[in-house]
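Report on the following structure.
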Amino acid sequence: MKISKYQIKNNLIIILLIITNICLGQPGEIDLSFNSEDTGYSLGRGFSNANVQSTALQSDGKIIVVGQLQGNTYNETLINSNIIRLNQDGSIDNTFSNSGIPNNKINEVVILPDDKIIIAGQFTTFGVQNCGRIARLSSNGTIDLSFNSIGVNSSIEELVLQDDGKIIIGGSFSTGSSSKVLRLNGDGTIDTTFNSGTNTNNTVTSIAIDESGNYYVGGQFTTFNGVAKSKIVKLLSDGSIDNTFAIGSGITNGNVYDLIINKQNAIMVLGSFNAYNSSSANNIIALNPNGTKNVGFNSPFSSGLERYLYSIVQLDDGSYIFGGFYSSPASSFLYKTFENGIFDLNFDEFFQISIKGGVFSVKKTADEDLIIGGSFEKYRKWIGNGIIKISQSGQKYINFNANKGINGPVSSIRAVTKDNNGKYLIAGNILQYNDKSCRGLLRVDENGQADSAFDIGVGVDLGEEDLIISVDVQSDDKIIAVGSFSHFNYILKKNIVRLNPDGSIDPSFITATGTNSSNNGFDGPVTTVHIQADGRILLGGSFTKYRGISCKNMVRLLSNGDIDNSFLIGSGFNYPVQIIKELTNGNIMIGGSFSSYNGTTCNNLVILTQSGLIAPGFNSGQGLSGAYSIYDIIELPTSKFLVAIQGDTWNNQNLDGLIRLNADGSVDASFDLSAKFDGSIKDISLLADNKILVGGLFNKKGIQFCKGLVRLESDGQIDLSFDTGAGVGVDPFDYGNTGVSSMQVMDDNSVIIGGNFSSFNGIGKNRLAKINLSSVGLPLTLISFTGQKELNFNQINWTSSFEVYFKGYEVQKSRDGHNFVKIGFVLSKHAKDNEQNYLFSDTQVNEALNYYRLKMVDEDNSFSYSKILSVSNLEEEPISLFPNPVIDDLFISKGYENNSFLILNANGQLIKKGILVNNKINLKELNVGIYYLQVNSNNGNNSYKFVKI
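Residue numbers are given in numbering that gives the first Met the number 0: position 938 of the sequence shown equals residue 937, and the series is strictly consecutive.
Right, here's the structure in full:
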């Protein structure tokens, strides 16, 4: 059995971790026990970029798939042929031979009663065997050389098996006495008793056989065997034209792409046309055997332009399912009508099913389910490139080519929230988790297992923009879910719903007045919800009304769903609110893209009182530059604020995407911003040790690679002990938005991350993963880790306790904070209940800044790292720098004219170098942060610390 390269990679990584006895659970490592069945890499997505032209179903339920497949992948497994066979569950059947490779596209396939397979298309070879665009294969996929494959001289577009075993083909070929339509004997030789003539002026695309053995032929031709027959003709069994099928001017303003004979012996004709015999006929028409229109069926379309119907089937109840694509705007679709042509509005996919591509094949299974093939990417929001399986009602079978983890298109985990029972709510543009349907919201336990007791029914609608953006949990375990949706479980709930703990809708939360839909919920998306300690509900977003009442972009509700009129917002915010946080003093901090609140200027960030008034003492100044927003806010114990901003300019200062503000709103210059993020920050979490966890759509901070997730020290410097390796891996459906959107820190010192990704550090995980924040299993408590410069050495100090079965400390040193080497080992004193103090002296001190860390090693050789410590070896300043802090120009008090200089950031990375001119250095281009100036002189290198603001 073949497995994909990603499955092999996952297995090798896990095996190597075990056999090398590396401690699983180092800071930044993925927790493999979390939803262990998720293999990631969007397996289950189907074809990478294939064009499925046709499918055929075997009696054992397996599916033959043909088209332009070669060179693409199916679930990340390379396809080297234009024909493959799938098992009933949608996985590749590796027993089907791929030794023979057709050199061009296969258009059609039929399965013979003896399970052999006829294929036809544009290929002229199959493996090393010449074959004129048609071949017969054995049931295992190898070519059957007993079949005469001399074939035809141009493309075959249609292939139909007769009851007598003969084969009728149509296309653009011209062979012998017949062009465009030809009949073959069962062995592949030409049936000379059939003659369709040679004077047909264009391609045949479809053929249907009636009970009498006559043929209805459709295509792109306007003359057939020299007779004017526009796009459709009826042939007798010998190939001659049956003129009793009187079509008049025939099909006009388009072509015919499929034909079937329905249960009433009417001919269903579909394509891109808009007229038949000078009468309106938009894309689909039913004709009687004499060529007149069958009045029992009417086209459901009001026009036929820019719409192409390619395939149709009739179900046992007489209804039809058919698909195709629009040319403008480019999109594919699937429809269902009743027998009379009226749309079946209960069909789940009444509108288009994809953003691009087309539906080229609709086939019934023995159970009257449907196999849909084409070039589409998705089925509504479901991932299913090129092939899907649906029910008659349009429901996608999630166990066909099943994906694990979060499944859905451009799946964006918008919220990960812990409830009061230790479980986690996952919200976003999601449809499926492993084998569980969960449109918009699901609940998992700490191991990533879906909670079967939580059932939201069908959840949100299947529109592209229907999603839950934010959730919060009340003290009674009820859940407020907000976002961009119209219905929840088929009930009109515009952008807000409250759920009971079991996932059912709470009817006591009234979000509508009357029956007018404009008085139901919010008139625009709700992006954030915060439940106050008193049970009142703060909501922000991009709306103007709630229940028909004006409340521009923010409102506070009572616990029953009524507006809280004691919260006086007046005219509200002029632009959307993105985030709301309740502060420890009871005030409320709001962030967004706004520039005013209730007529008062306040750019992007404001603090309100519990009555809705602007709280004094905080001023955001000019805020962000441009139409940008604030994504997250954290209140620090010091009364300062961490703020995730969009863009890199705040209050006219060139800053990073993460800034720290003082209580009055001014920028805290002591928070290091010298190494900037190269993308946006979506979520921040303050950890128990005051470190900062940052998730977003970035690749690096400064020169440090940290794709999607990084941990910072409390001063803003990167915590290099938190190593995420390759970080989050590309989601094939992310459209450039790979990253982490939401995080939830867990009680076991790990974090659940959600967003757009299909792997983490090379291990497959689809859009949801659990990451360790600290080492697991080491019986040690590191209480402190400090260092200072002494006369001729650096002294490193640390204090620890509870050293049970603990070996000792490897002291490591680095020049740049990245690459560490061992400089010593200190044996454990085996402290248990008492604290133990340790000293280590580094006598080889040659750098302005030296970095140290401890590798703490257990008796079984598992280990973890301490934080990284920097020790400065600066002499007392023989010169002074001014001004310090500096805005633009930095002056040096003594004469170092023409001496060279270096400027390093707090991580020891070179930022700027040059020659001193007039004892002045212009620093305008530097980011806010802590830096070191190193001046070269005859007495050596002298280093000086300064702060850029």
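Quick reminder that beta carbons are idealized off the backbone N, C-alpha and C, glycines included.
Beta-carbon proximity list for residue i, same chain, < 8 Å, skipping 5 on both sides
i       : result
Gly-646 : Leu-623, Ser-624, Gly-625, Tyr-627 and Gly-656
Asn-74  : Ser-3, Leu-42, Gly-43, Arg-44, Gly-45, Ser-90, Ile-91 and Asn-400
Ser-783 : Asn-796, Trp-797 and Thr-798
Leu-308 : Tyr-256, Asp-257, Leu-269, Gly-270, Ser-271, Asn-282, Ile-283, Phe-321, Gly-322 and Gly-323
Ser-302 : Asn-273 and Asn-281
Nearest to residue i (by Cα), restricted to the options the options
i       : options                               : result
Lys-764 : Leu-144, Leu-466, Tyr-40 and Leu-915  : Tyr-40
Thr-600 : Arg-766, Ser-271 and Asn-618          : Asn-618
Ser-47  : Val-159, Asn-918 and Ser-374          : Ser-374
Val-312 : Gly-225, Asn-224, Glu-367 and Asn-297 : Glu-367
Gln-958 : Ile-370, Ile-405 and Asn-406          : Since the first and last residues shown for the chain are 0 and 948, residue 958 lies out of range.
Leu-111 : Ser-58, Leu-85 and Asn-129            : Ser-58
Glu-157 : Thr-197, Gly-591 and Val-203          : Val-203
Phe-223 : Leu-557, Met-267 and Gly-169          : Gly-169
Thr-583 : Thr-637, Pro-506 and Leu-344          : Thr-637
Ser-741 : Asn-398, Gly-427, Ile-116 and Thr-543 : Gly-427
Leu-314 : Asp-718, Asn-293, Thr-364 and Phe-697 : Thr-364
Asp-316 : Phe-337, Arg-306 and Glu-305          : Phe-337
Ser-517 : Leu-498, Ile-504 and Asn-494          : Asn-494
Sheet register partners of residue i (DSSP bridge)
i        : result
Met-745  : None, per the DSSP bridge assignment.
Phe-784  : Trp-797
Gly-150  : None; Gly-150 has no bridge partner.
Gln-531  : Paired residue(s): none; Gln-531 is not in a bridge.
Gln-313  : Tyr-319
Ser-330  : Tyr-325
Gly-385  : Paired residues: none, contrary to the question.
Thr-175  : A quick correction: the sequence has Gly, not Thr, at residue 175. DSSP output for Gly-175 lists no bridge partner at all.
Pro-101  : Phe-125
Asp-682  : Gly-694
Ala-1025 : The shown model of the chain, from 0 to 948, leaves out residue 1025, and the question about it has no answer.
C-alpha distance - residue i paired with residue j, whole-angstrom precision
i       : j       : result
Ile-658 : Trp-649 : 9 Å
Asp-746 : Ser-32  : 16 Å
Ser-483 : Thr-527 : 11 Å
Gly-523 : Ile-206 : 50 Å
Met-855 : Leu-711 : 21 Å
Gly-60  : Ile-166 : 23 Å
Ile-770 : Tyr-864 : 16 Å
Leu-781 : Ser-720 : 14 Å
Gly-560 : Ile-478 : 13 Å
Lys-806 : Asp-857 : 5 Å
Tyr-953 : Phe-359 : Residue 953 falls outside the range modelled here, since the chain spans only 0 to 948, and no answer is possible.
Ser-154 : Phe-172 : 6 Å
Ser-96  : Thr-141 : 6 Å
Asp-841 : Ile-629 : 45 Å
Arg-132 : Asn-103 : 9 Å
Asp-667 : Gly-590 : 18 Å
Thr-174 : Gln-394 : 45 Å
Leu-848 : Gln-794 : 14 Å
Tyr-71  : Val-870 : This sequence places Asn at residue 71; Tyr is not what is there. Cα-Cα distance, rounded: 54 Å.
Gly-664 : Lys-377 : 46 Å
Leu-925 : Asp-718 : 22 Å
Gly-694 : Phe-487 : 29 Å
7 Å CB neighbourhood of residue i in its chain, flanking five on each side removed
i       : result
Tyr-489 : Val-457
Val-443 : Lys-422, Tyr-423, Ile-425, Ala-449 and Asp-450
Gly-974 : The structure shown does not extend to residue 974, since the chain spans only 0 to 948, so no value can be given for it.
Glu-876 : Unreliable placement is indicated for Glu-876, whose pLDDT of 47 sits below 50; no coordinate value is reported for it.
Minimum Cβ-Cβ distance from residue i to chain C less than 9 Å
i      : result
Phe-46 : In the structure shown, chain C does not exist; there is a single protein chain.
Same chain, Cβ closer than 6 Å to residue i, five either side skipped, listed in chain order
i       : result
Ile-530 : Asp-471, Gln-473 and Ile-536
Leu-68  : Ala-49, Ile-78 and Asn-81
Ser-176 : Asn-194
Lys-944 : Tyr-931
Ile-13  : Note that Ile-13 scores 40 on pLDDT, short of 50, meaning its location in the model is unreliable; the coordinates nonetheless yield the value given after this. Around Ile-13: no qualifying Cβ.
Leu-491 : Asn-519
Ile-633 : Leu-641, Ile-683 and Leu-685
Practice item. Any chance you could list the beta strand (DSSP E) runs of at least 3 consecutive residues sitting entirely within the region 815-898, in chain order? Key: Fully enclosed beta strand (DSSP E) runs of 3 or longer: 819-826, 835-841, 848-857, 862-864, 868-871 and 888-891.
Point to revise | Complete beta strand (DSSP E) runs within the region 462-548 (minimum length 3 residues, chain order) | key: Uninterrupted beta strand (DSSP E) stretches at least 3 residues long and entirely within the region 462-548 occur at 466-472, 478-483, 495-498, 525-530 and 536-540, given in chain order.
Check your understanding: Which runs of the beta strand (DSSP E) spanning at least 3 residues fall entirely within the region 110-152, listed in chain order?
Key -> Complete beta strand (DSSP E) runs here, min 3: 116-120 and 133-136.
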